[in-house]
Amino acid sequence: MGSRILTMKRQAAELGRIRTGYSRPNPNPDKGPIPVKSKTFVLTSHSRDYVAAAAELYGGRAEQWTPQRSSVAQWRVITEAAELQAILPAGDVLNQSYEMWGGGGCERRCDGVTESLGRRPCVCLAKYGEDWHERKADQVCRPTSRIGVFLPDLPDLGVWRLETKSYYAADALAGGLDTVLQATGGGGLLPVRMWIEQRTTVRAGKTKQFQVVMLVPALPRLRHALSGPISTAAALDPSSLDRPAIAAAPAEVPDYVAEARQCRTVEDARGVWHRANKSGHVARDGSDPLSQKLRQIADDIAKGVDTQTGEAADQDDEHGPDDDGVYDAEFVDEQGDDEPPTAYPSAGWPEVATPGGGGR
587 MGSRILTMKR QAAELGRIRT GYSRPNPNPD KGPIPVKSKT FVLTSHSRDY
637 VAAAAELYGG RAEQWTPQRS SVAQWRVITE AAELQAILPA GDVLNQSYEM
687 WGGGGCERRC DGVTESLGRR PCVCLAKYGE DWHERKADQV CRPTSRIGVF
737 LPDLPDLGVW RLETKSYYAA DALAGGLDTV LQATGGGGLL PVRMWIEQRT
787 TVRAGKTKQF QVVMLVPALP RLRHALSGPI STAAALDPSS LDRPAIAAAP
837 AEVPDYVAEA RQCRTVEDAR GVWHRANKSG HVARDGSDPL SQKLRQIADD
887 IAKGVDTQTG EAADQDDEHG PDDDGVYDAE FVDEQGDDEP PTAYPSAGWP
937 EVATPGGGGR
């Protein structure tokens, strides 16, 4: 059995990123690119193949693109999809922190109480007070949420990382995911729907527009999301959770009557009844219609009647009746444990009432 480094994270490969915006060139060459909020998802990756597959699936055109503050070209597609079907990996996959980035990378990373890189109390809170998050983005850390999801209709096994710096999106993502994790314990895959929602808020008499990435379980009913982990097959096809189970086809009942009519001796016909009894298709006391049919066939065999045509045998047949119309009696061995409680003298069936008269 293999061994692992206990302090190392175990995570799937990152195939690309899911974004909610992009940038376009600025007409003023002295200024940087102009950021654009996208109403549809933008997928980026170092692999052209992944982006080309995404363009074919979600619409849009694969194009080469170089991120800001980077010299390495990547590929991106501004899709036509305002909603994505995805699958959350097992465990708590949401990573959130307040962050400030500069030319040298991440300068501050904070959980709202402690800034971890400098090992000091929250800088923004100390400098601007409780309402620090209302300051301009270049003055304070920004709430950054990252979550890795599988896009099951794209190639290869790996996650696509969704990253948003929206304060409201951070709150919505955490609240929804925590509710599901409380029910499932993060013990399995979970299908989700993601979409970009446009919202507005009023602050200090001014209306502000912003985007929120909504992420909710993509299950037929709420109870499926709150009743524990689901199977991998159900995560790939959530509709299967609401399909009725396919009932097993009832076992075909043998045609005991046709089988008995093929018999040439009473004992063979009696054996057909025993097989039907062991299979639960006839009553042990012989009172059911099938038992009566089988008994009649045995009677016909004993009387020399052709069970296929219903014709009586030749009077000279040694097995036919004598001159007085009496048939020789059949002697039945002592009954075994699996035999009916009372043997019918001529055929070995239980004694039952016959139509129009008493029992024989």
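Count along the sequence shown from 1, then add 586; that gives the number in my numbering. Here a beta-carbon is modelled for each residue, glycine too, at the ideal position from N, C-alpha and C.
Contacting residues, own chain, Cβ-Cβ under 6 Å from residue i (five flanking each side not counted)
i    : result
V663 : L629, V637, A640, A641, G646, A648
R861 : none
P729 : Y684, Y753, A756
A659 : Q650, T652
Rounded Cβ spacing between residue i and residue j (contact assumed at less than 8 Å)
i    : j    : result
G602 : S631 : 3 Å
L740 : L643 : 7 Å
R747 : I604 : 7 Å
T770 : P815 : 5 Å
S731 : L680 : 7 Å
Cutoff 7 Å; reference residue i; Cβ partners in own chain excluding five residues on either side
i    : result
G772 : A676, G677, D678
R779 : E669, Q671, V802, A804
R634 : A648, W661
K794 : T786, T787
A667 : T626, F627, Y644, G645
Y714 : R721, V726
P615 : none
S589 : none
N863 : R870
Own chain partners of residue i with C-beta closer than 8 Å, once the 5 adjacent residues on each side are dropped
i    : result
L767 : D678
A821 : I673, G774, L775, L776, P777
Of the listed residues the options, nearest to residue i (C-alpha basis)
i    : options                : result
R655 : G691, A790, A844       : G691
Q725 : V709, S825, D892, L703 : V709
L827 : E838, R807, A844, D841 : R807
A819 : I620, P738, H867       : P738
V798 : R881, T750, T765       : T750
M800 : I782, R809, R789, L743 : I782
A846 : R789, S865, W859       : W859
A855 : S877, S873, G866, A659 : S877
I733 : L763, H719, E716       : L763
D841 : L759, S865, K889       : S865
G698 : G688, D717, D742       : D717
Any non-hydrogen atom of the ligand GDP closer than 8 Å to residue i Cβ
i    : result
S631 : Summarising the ligand content, the structure contains no ligands, and the ligand GDP is consequently not present.
Residues bridged to residue i (per DSSP)
i    : result
Q650 : W661
R706 : E701
Q682 : S731
L670 : M780
E600 : V745
G688 : G691
Could I get the ranges of all uninterrupted alpha helix (DSSP H) runs contained in the segment 748 to 803, with 4 residues as the minimum, in chain order?
List check, alpha helix (DSSP H) in window: 753 to 770.
Could I get the ranges of all uninterrupted alpha helix (DSSP H) runs contained in the segment 848 to 874, with 4 residues as the minimum, in chain order?
Listed in chain order, they are 852 to 864.
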